[in-house]
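Novice: Starting off with a structure, shown below.
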Ligand SMILES: C[S@@+](CC[C@H](N)C(=O)[O-])C[C@H]1O[C@@H](n2cnc3c(N)ncnc32)[C@H](O)[C@@H]1O
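In the working numbering, the protein residues as written are 13 to 464.
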């Protein structure tokens with residue numbers, strides 16, 4: 013069964029009953045616990061169910077994970093997606109014929125078993141026996157012999173692969189020829205966990221002391237408010253989570269937020285046009301400047317998440333609107349417009365390995381059209397002499413410089429401004445950070461001034 017056949021054959025099928033039941037259980041459990049034990053009895057079956065939704069329905073990894081997932085279960089899910097291409101190639105070579113689409117959960121369980129054997133160092137007897145046992149909670153007892161047979165024959169050494177789909181590998185090689193090898197490798201690393209201290213609640217030094225008192229190791233990054241933890245752990249278990257002392261945010265995103273903040277002064281009227289979940293908006297509100305801020309977000313579900321986070325962090329000084337920023341209109345122009353555009357997310361593959369499996373080149377082209385429409389409409393909202401900051405978490409030029417270039421060509425009053433950030437590299441019209449730096453995901457940003 014090739015990855016392509018697997019992904020397309022079973023996508024958009026009805027949600028399996030077993031998954032609905034698991035969702036109900038997980039949600040009610042999530043109400044009782046905020047963090048989970050290291051290993052839980054049904055981890056392998058749970059991991060197979062979550063993978064089934066990502067591979068079968070194209071759901072995002074973020075949307076299928078529950079707060080109750082144990083660290084072991086999370087490693088199974090992330091690892092299977094991170095190494096999907098080599099794991100599935102090894103399994104496909106052993107399967108006599110493809111599994112039926114309705115047995116995708118069995119295939120996902122095979123991935124879970126293969127990952128334990130090839131990458132996690134779980135002793136073979138435990139990996140095989142426990143994975144075989146997981147066919148029962150999945151409602152597929154007939155598959156015990158199949159899972160047992162395939163896992164026992166599976167080579168213990170992983171296939172040497174870069175774990176990217178061909179279309180994305182090609183784009184990375186074409187667009188980043190010098191760094192392509194390092195980038196492909198970096199995309200399979202684990203991203204560090206980074207925090208942004210909420211400076212409207214406390215000084216960065218105070219938060220650092222709280223981390224030290226809790227015995228947690230960390231390093232600083234380029235901004236005083238940036239913290240990189242030595243070891244990731246659930247945010248709820250860190251000091252001051254409920255009190256809103258910090259946010260979890262990639263350091264690259266923080267550098268973009270800092271660049272935005274440098275364009276503002278007291279009284280600036282600011283529009284964040286694609287705001288949820290609010291990371292960059294809240295960074296600006298933590299700047300101690302008096303701002304008149306408006307946050308737009310097309311998804312009311314995501315806007316609700318933004319508002320909940322705002323409550324935890326204690327941010328009230330902004331107006332939130334559910335609106336489509338490609339059509340939204342406002343009579344009073346803004347001094348500064350932030351367009352943190354929806355994109356392929358190809359700069360965040362370390363955190364979102366599902367993107368490697370589910371994203372297609374056609375979706376990237378679709379995203380580009382949306383980015384162009386966003387810029388075109390939002391430019392009208394920038395006052396003459398004001399600025400627009402465009403950013404994506406993509407490493408692909410068609411969503412970055414090429415979008416900005418087309419926009420500038422079509423807008424006589426748009427002038428790109430030179431920017432320099434402490435990490436990454438200049439592009440023709442903006443700045444690109446890449447995950448090869450390790451501390452940051454891949455972010456692109458460009459600053460455009462409107463002629464007075
Ligand atoms: C990259 S995320 C923004 C991240 C956010 N700025 C932050 O720092 O946390 C892009 C957001 O744009 C929203 N979006 C997509 N299309 C939109 C549109 N036409 N108008 C407004 N928001 C849109 C998405 O729902 C998503 O929440």
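Ideal placement from N, C-alpha and C gives every residue a C-beta, glycine not left out.
Since we're looking at a predicted model, the values are computed, not measured.
Residue 249: buried (16+ other C-beta within 10 angstroms of its C-beta) or exposed?
Specialist: So residue 249 ends up on the exposed side.
Novice: Could you please give me the residues that DSSP links to residue 239 through a beta bridge?
Specialist: DSSP output for residue 239 lists 207 and 232 as bridge partner(s).
Novice: From what residue to what residue does the alpha helix (DSSP H) around residue 428 run?
Specialist: Looking at the DSSP string, residue 428 is not in any alpha helix (DSSP H); the run it does join, the beta strand (DSSP E), is 426-429.
Novice: Have a look at residue 329 and residue 442 and give me their C-alpha separation to the nearest angstrom.
Specialist: Using only the alpha carbons, I get a separation of about 30 Å.
Novice: Looking only at its own chain, which residues have a Cβ that is under 6 Å from the Cβ of residue 34, when we skip the five neighbours before and after it?
Specialist: Low local confidence applies: a pLDDT of 29 at residue 34 is under 50, so the model's placement there is unreliable, with the coordinate-based value given in what follows. Excluding sequence neighbours, residue 34 sits near 61.
Novice: Taking DSSP as the reference, what is the three-state secondary structure of residue 362?
Specialist: Correct three-state label for residue 362: coil.
Novice: So, is residue 270 buried or exposed, given that buried needs 16 or more other C-beta atoms within 10 angstroms?
Specialist: Buried, because 16 or more other Cβ atoms sit within 10 Å of the Cβ of residue 270.
Novice: Do residue 290 and residue 333 have their C-beta atoms within less than 8 Å of each other?
Specialist: Contact flag unset, no.
Novice: Quick one, are the C-beta atoms of residue 159 and residue 122 less than 8 Å apart?
Specialist: Yes, the pair counts as a contact, with Cβ atoms nearer than the cut-off.
Novice: Nearer than 7 Å: is that true of the beta carbon of residue 309 relative to any heavy atom of ligand 3?
Specialist: Ligands present in the displayed structure are limited to ligand 1, and ligand 3 is not among them.
Novice: For a quick check, are the C-beta atoms of residue 453 and residue 398 less than 8 Å apart?
Specialist: No; because the gap between Cβ atoms is not below 8 Å, this pair is not in contact.
Novice: Could you check the C-alpha separation between residue 448 and residue 157 for me, to the nearest Å?
Specialist: Computed Cα separation, rounded: 43 Å.
Novice: Apart from the five residues on each side of it in sequence, which residues of its chain come closer than 6 Å, Cβ to Cβ, to residue 389?
Specialist: For residue 389, where only same-chain residues beyond five positions count, the Cβ hits under 6 Å are 338.
Novice: Taking 7 Å as the limit between beta carbons, can you name the residues of its chain near residue 83, skipping five residues before and five after?
Specialist: So the list reads 50, once near-sequence residues are dropped.
Novice: Decide yes or no for the touch test of the region 113-128 against the region 55-69: beta carbon pairs closer than 8 Å, at least 3 of them.
Specialist: Cβ pair count under 8 Å is three or more, so yes.
Novice: Indicate whether residue 446 and residue 195 have their beta-carbon atoms separated by less than 8 Å.
Specialist: Cβ atoms of residue 446 and residue 195: closer than 8 Å.
Novice: If you drop the 5 nearest sequence neighbours on each side, which residues of the same chain put their C-beta closer than 8 Å to that of residue 282?
Specialist: 276, 296, 303, 304, 305, 306, 346, 347, 348, 349 and 350.
Novice: Can you tell me whether residue 336 sits near ligand 1, meaning its C-beta is under 7 Å from at least one heavy atom of the ligand?
Specialist: At least one heavy atom of ligand 1 is nearer than 7 Å to the Cβ of residue 336, so yes.
Novice: Can you check which of these residues, 126, 401, 191 and 422, is closest to residue 437 by C-alpha distance?
Specialist: Nearest C-alpha to residue 437: 191.
Novice: Enumerated in chain order, which unbroken segments of the beta strand (DSSP E) with a length of 3 residues or greater are wholly contained in the region 303-328?
Specialist: With a minimum length of 3 residues, the continuous beta strand (DSSP E) runs that stay inside the region 303-328 are 304-309.
Novice: Do you know whose CA, among 379, 380 and 463, lies nearest residue 394's CA?
Specialist: Checking every option, the nearest Cα to that of residue 394 belongs to 463.
Novice: May I ask you to check if the CB of residue 342 is nearer than 7 Å to at least one heavy atom of ligand 1?
Specialist: The answer is no for residue 342.
Novice: Helix, strand or coil: how does DSSP classify residue 42 here?
Specialist: Here the model assigns residue 42 a pLDDT of 33, short of 50, so the residue's position is not dependable and the matter cannot be decided.
Novice: Could you check what DSSP says for residue 465 in three-state terms: helix, strand or coil?
Specialist: Not covered by the structure: residue 465. The range shown for the chain is 13 to 464.
Novice: Look at residue 140 and residue 125 and say whether their C-beta atoms are less than 8 Å apart.
Specialist: Against a cut-off of 8 Å, the Cβ pair of residue 125 and residue 140 comes out as a contact.
Novice: Between which residues of its own chain and residue 209 is the CB-CB distance below 6 Å, once the five residues before and five after are set aside?
Specialist: Around residue 209: 216, 219, 237 and 258.
Novice: Where do the N-terminal and C-terminal ends of the alpha helix (DSSP H) with residue 178 fall, by residue?
Specialist: Residues 178-187.
Novice: Confirm the yes/no value for this check: CB of residue 53, any heavy atom of ligand 1, distance under 7 Å.
Specialist: No, Cβ of residue 53 sits at least 7 Å from all heavy atoms of ligand 1.
Novice: Can you name, in chain order, every residue of its own chain whose Cβ lies under 6 Å from the Cβ of residue 396, other than the five neighbours on each side?
Specialist: The residues are 462 and 464.
Novice: Measure the alpha-carbon distance for residue 233 versus residue 187 and round it to whole angstroms.
Specialist: Going from the Cα of residue 233 to the Cα of residue 187 covers about 28 Å.
Novice: Are the CB atoms of residue 466 and residue 170 nearer to each other than 8 Å?
Specialist: Since the first residue shown for the chain is 13 and the last is 464, residue 466 is missing from the structure and cannot be characterised.
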